[in-house]
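S.K.:
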Amino acid sequence: MKNFNLSDADKDRIIQMCWEDRTPFDVIIKQFELSEKEIISVMRNNLKRSSFIRWRKRVDNRRTKHTVLSSSEKKRFKSKSQRQITLNRIS
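Letter by letter, the sequence shown follows residues -10 to 80 of my numbering.
Here you go:
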């Protein structure tokens, strides 16, 4: 097992973002500088076996988790007055 030097808060945030349907892996990779394989490893090491298996089945069937698979023409509406959120911080 590789040591990722992640704080407990970072691990909790990664797990939370992984379970969210609308958060693609690209965002997690950019924010935490981990590859998709490393993210899977973090999930494997911090979830119960049954929870990990359930998560993997769920992620494999989600087009929104993989930017390449998600449709580029289906963009969500965003108001011009809405603030930009970058790396989970409001700009």
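Idealized CB from N, CA, C, for every residue including glycine.
Hey, how far is the Cα of Ser39 from the Cα of Met32?
M.R.: 12 Å
S.K.: So what's Lys26 in DSSP terms, helix, strand or just coil?
M.R.: helix
S.K.: Output needed for Trp44: all residues of its chain with C-beta closer than 8 Å, excluding positions within five of it in sequence on either side, in chain order.
M.R.: Cys7, Trp8, Met32 and Leu36
S.K.: Enumerated in chain order, which unbroken segments of the beta strand (DSSP E) with a length of 3 residues or greater are wholly contained in the stretch 0 to 26?
M.R.: Counting only runs of 3 or more, we get nothing.
S.K.: As a quick exercise: from Ile18, Arg51 and Lys26, pick the residue whose alpha carbon is nearest that of Asp(-1).
M.R.: Ile18
S.K.: Asn50 by DSSP, collapsed to three states: which one?
M.R.: coil
S.K.: Are there 16 or more other CB atoms within 10 angstroms of the CB of Ile28, so buried, or fewer, so exposed?
M.R.: With 16 or more other Cβ atoms within 10 Å, it is buried.
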